[in-house]
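**Q**
In the UniProt record's numbering, the protein residues as written are 1 to 163.
Structural data, given as structure tokens:
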């Protein structure tokens with residue numbers, strides 16, 4: 001049982017470990033505090049390739065769903081000031097995906113800066129769109145927003161309007 005007196009990182013770790021037990025998957029979870037979230041990494045050493053594939057899912061969909069559930073359930077009834085953001089990692093999926101996202105951002109930035117036309121990025125999960133929005137914050141001349149409805153929601157990068 002996750003205790004409300006534990007730190008957010010401890011609560012996240014225990015929540016993921018309980019989920020794995022319910023799934024009859026024996027693995028531990030390590031934690032690391034990043035600047036904007038707690039990383040909860042499922043240790044893959046004792047997992048079979050099939051278990052890793054099941055927990056990750058196609059295009060990270062299962063891992064995204066676990067992350068969404070963790071963020072939602074661990075923040076229920078928590079005051080805003082103690083709510084936390086959790087990133088669930090397995091088999092370096094998030095690290096590898098971040099490299100792909102950085103390449104996509106570089107392509108979008110180059111396209112918008114050269115053409116002046118807006119650039120649409122499709123096929124991103126909500127967590128990935130949030131990550132791309134954060135990566136684009138460093139570009140003062142550009143801004144981004146999301147449009148459309150799931151499952152066809154897209155991130156749009158365009159030049160910032162100057163006044």
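Ideal placement from N, C-alpha and C gives every residue a C-beta, glycine not left out. If you're wondering where the values come from, they're calculated on a predicted model, not measured in any experiment.
Are there 16 or more other CB atoms within 10 angstroms of the CB of residue 100, so buried, or fewer, so exposed?
**A** By the neighbour-count rule (16 or more Cβ atoms within 10 Å), residue 100 is not buried but exposed.
**Q** Taking Cβ to Cβ, would you say residue 74 is nearer than 8 Å to residue 84?
**A** Yes, these two residues count as a Cβ contact at 8 Å.
**Q** So, at 6 Å on beta carbons, what are the nonlocal neighbours of residue 118 in its own chain, with the 5 sequence-adjacent residues on each side left out?
**A** Excluding positions up to five away in sequence, the list reads 156 and 158.
**Q** Output yes or no for whether 8 Å exceeds the beta carbon distance between residue 90 and residue 52.
**A** Taking 8 Å as the Cβ cut-off, residue 90 and residue 52 qualify as a contacting pair.
**Q** Does the Cβ of residue 102 have 16 or more other Cβ atoms within 10 Å, making it buried, or fewer, making it exposed?
**A** Residue 102 is exposed by the Cβ-count criterion.
**Q** What residue range does the alpha helix (DSSP H) around residue 74 cover?
**A** Element bounds for residue 74: 61 to 75.
**Q** Over the uninterrupted beta strand (DSSP E) stretch that includes residue 82, give me the two end residues.
**A** Here residue 82 belongs to no beta strand (DSSP E), and DSSP marks it neither H nor E.
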